[in-house]
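A.B. asks: First the structure, then my questions, so here it is.
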Amino acid sequence: MPTRATTTAWSCRAASANPDQLRTKEEAVEFIRVFFEAGKPVGVICHGPWTLVEADVVRGRTLTSWPSLRTDLRNAGAEWVDEEVHADQGLVCSRKPDDLEAFNEKTIEQFAEGVPEGLQTPPRPADRGNAEREKKMSPHTLKEGQQAGASTHAVVGAR
Numbered sequence: 003m004p005t006r007a008t009t010t011a012w013s014c015r016a017a018s019a020n021p022d023q024l025r026t027k028e029e030a031v032e033f034i035r036v037f038f039e040a041g042k043p044v045g046v047i048c049h050g051p052w053t054l055v056e057a058d059v060v061r062g063r064t065l066t067s068w069p070s071l072r073t074d075l076r077n078a079g080a081e082w083v084d085e086e087v088h089a090d091q092g093l094v095c096s097r098k099p100d101d102l103e104a105f106n107e108k109t110i111e112q113f114a115e116g117v118p119e120g121l122q123t124p125p126r127p128a129d130r131g132n133a134e135r136e137k138k139m140s141p142h143t144l145k146e147g148q149q150a151g152a153s154t155h156a157v158v159g160a161r
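In structure tokens form, the structure reads like this:
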């Protein structure tokens with residue numbers, strides 16, 4: 003049976019309200035965790051990294067975002083940089099809509115490369131182990147007509 007991990011890439015391009023609401027949905031946060039644990043490429047722009055903070059997947063990574071998220075990202079264990087676009091182990095991020103062209107180019111490049119060889123996700127707290135998460139996962143998230151393993155791109159919170 004297909005699982006969330008059968009989707010090959012995920013991108014969150016959003017205004018501030020969308021990721022703020024998205025990070026309150028456990029199913030959405032779990033979806034993100036599964037992507038990072040599987041080493042799948044992810045793209046976020048603007049306030050999208052808030053969802054990554056909630057999923058506890060930024061520790062040990064370098065990210066850029068809308069400037070007001072700088073403190074949130076640092077408090078979650080990430081290094082924040084003020085760059086048009088930044089890629090870190092399959093995670094592509096940008097600061098704002100003005101950076102969209104560079105973000106799209108780097109995201110396409112990273113998604114085309116797929117899972118970076120030897121990707122290691124940062125360690126997670128013991129109370130959020132894989133076995134427990136696997137029990138909570140819903141059976142699948144593929145849209146009707148999609149096949150497990152097919153190349154798909156979920157855009158969450160798009161304007």
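Here the sequence shown is numbered in the working numbering, starting from 3 and rising by one per residue.
The beta carbon of each residue, even a glycine, is placed where N, CA and C say it ideally should be.
(1) So, is Asn20 buried or exposed, given that buried needs 16 or more other C-beta atoms within 10 angstroms?
(2) For a test of the three-state rule: what should DSSP assign to Val44, helix, strand or coil?
(3) Could you check whether the segment 89-102 touches the segment 35-52, counting it as contact only if at least three pairs of C-beta atoms, one from each stretch, sit closer than 8 Å?
(4) To the nearest angstrom, report how far apart Ser67 and Ile34 are at their CA atoms.
(5) In angstroms, rounded to a whole number, what distance separates the CA positions of Gly62 and Leu75?
(6) Using 10 angstroms around the beta-carbon of Lys108, count the other beta-carbons present and answer buried if the total reaches 16, otherwise exposed.
C.D. replies: Straight from the coordinates:
(1) With 16 or more Cβ atoms within 10 Å of its Cβ, Asn20 is classed as buried.
(2) Val44 falls in the strand class under three-state DSSP.
(3) Segments in contact, yes.
(4) A direct Cα-to-Cα measurement between Ser67 and Ile34 gives close to 17 Å.
(5) A direct Cα-to-Cα measurement between Gly62 and Leu75 gives close to 10 Å.
(6) So Lys108 counts as buried.
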